[in-house]
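Colleague:
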Amino acid sequence: MGAHCVVIAPSLIPKRPGDHVKTDRRDAEQLARLFRAGELTPVYVPEREDEALRELVRAREAAKEDTHRARQRILKFLLRHHIEPPATIKRRWTRKYRSWLEQLTFPYEPMQVAFDEMLHTLNEIEQRMGVWKSLGSASHGRLQGNSDSGASVPAWDWTTDGRHSSC
Numbered sequence: 001m002g003a004h005c006v007v008i009a010p011s012l013i014p015k016r017p018g019d020h021v022k023t024d025r026r027d028a029e030q031l032a033r034l035f036r037a038g039e040l041t042p043v044y045v046p047e048r049e050d051e052a053l054r055e056l057v058r059a060r061e062a063a064k065e066d067t068h069r070a071r072q073r074i075l076k077f078l079l080r081h082h083i084e085p086p087a088t089i090k091r092r093w094t095r096k097y098r099s100w101l102e103q104l105t106f107p108y109e110p111m112q113v114a115f116d117e118m119l120h121t122l123n124e125i126e127q128r129m130g131v132w133k134s135l136g137s138a139s140h141g142r143l144q145g146n147s148d149s150g151a152s153v154p155a156w157d158w159t160t161d162g163r164h165s166s167c
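So the sequence shown is numbered by the UniProt record's numbering: it starts at 1 and just counts up by one.
#1: Whole-angstrom Cβ separation of ALA59 and ILE125, contact assumed at under 8 Å?
#2: Are the stretch 13 to 33 and the stretch 46 to 61 touching by the rule of at least three beta carbon pairs closer than 8 Å?
#3: Less than 7 Å separating the beta-carbons of GLU51 and PRO14?
#4: Nearest-angstrom Cα distance between CYS5 and ARG16?
#5: Only counting the same chain, and skipping five residues up and downstream in sequence, which positions put a Cβ closer than 7 Å to that of ILE89?
#6: Could you check if LEU122 is buried or exposed, using at least 16 other CB atoms within 10 Å of its CB as the buried criterion?
#7: Check each candidate in PHE115, LEU79, LYS64 and name the one with the smallest Cα separation from ARG128.
#8: As an exercise, report each continuous alpha helix (DSSP H) stretch of at least 4 residues that is fully enclosed by the UniProt domain "Transposase IS110-like N-terminal" (19 to 82), in chain order.
#9: Are the Cβ atoms of ALA9 and VAL43 separated by less than 7 Å?
#10: Is ILE125 helix, strand or coil when you go by DSSP?
#11: Would you call the stretch 73 to 88 in contact with the stretch 109 to 120, where contact means no fewer than 3 C-beta pairs closer than 8 Å?
#12: Using C-beta distances below 6 Å, list every residue in its chain close to GLN103, excluding the 5 sequence neighbours before and after it, in chain order.
#13: Take the Cβ of PHE115 as the centre, count every other Cβ of all protein chains shown within 10 Å, and call the residue buried at 16 or more, exposed below.
Rendered as structure tokens:
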């Protein structure tokens, strides 16, 4: 007995340039025409589970930013002290590079403590990233493709840290 109701965001209603006459009747006719033609985009109200997944994505994005900042701090610390990796290390943040970082020693204890703390912070953040990956993998089906309402939900590849546009 209930009526089918679709909520349309006013900002998503297509408007013709120069059409400034606004009456309820004209607006209703225009909305009916656009709705029949399928040109109106319904608003998707996320379910609680969708919101929970959004929180997961936000937390993971924050951890990615934290990783970037922690790496930058380490790089700037090394730059300030004129320390460069050996020529045999071609790329940063590989296992070889990380091993080299962990073996670095500094002449003064405060420098060593500061550097060790920076490395420790980076390791903690990367452990958090592992948690996000495992949680994201468990929710992979929900993060990919379309939602139940037909609204497009961006797909996320938790193993490569990137969005896919091909879904």
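Positions of the beta carbon are idealized from the N, C-alpha and C atoms, including for glycine.
Modeller: Quick look at the numbers:
#1: Taking the first residue of the sequence shown as position 1, residue 59 is located at position 59. Taking the first residue of the sequence shown as position 1, residue 125 is located at position 125. So it is not a contact: roughly 12 Å between Cβ atoms.
#2: no
#3: Here the question's residue 51 lines up with position 51 in the sequence shown. Here the question's residue 14 lines up with position 14 in the sequence shown. The answer is no: Cβ separation not under 7 Å.
#4: Locating residue 5 in the sequence shown gives position 5, counting from the first residue. Locating residue 16 in the sequence shown gives position 16, counting from the first residue. Their Cα atoms are separated by approximately 25 Å.
#5: Locating residue 89 in the sequence shown gives position 89, where the first residue counts as 1. Closer than 7 Å at Cβ, skipping near neighbours: LYS96, TYR97, TRP100.
#6: Stepping through the sequence shown from its first residue, residue 122 is reached at position 122. Classification for LEU122: buried.
#7: For the purposes of this step, residue 128 is identified with residue 128 of the sequence shown, where counting begins at 1. The candidate whose alpha carbon is nearest that of ARG128 is LYS64.
#8: 24 to 36, 48 to 80
#9: Position 9 of the sequence shown, counted from the first residue, corresponds to residue 9. Position 43 of the sequence shown, counted from the first residue, corresponds to residue 43. It is a contact, given that the beta carbons lie within the stated cut-off.
#10: Here residue 125 refers to the residue found at position 125 of the sequence shown. Helix.
#11: yes
#12: Numbered from its first residue, the sequence shown carries residue 103 at position 103. Excluding residues within five positions, none has a Cβ falling inside 6 Å.
#13: Residue 115 sits at position 115 when you count from the first residue of the sequence shown. Counting Cβ neighbours within 10 Å, PHE115 comes out buried, since at least 16 surround it.
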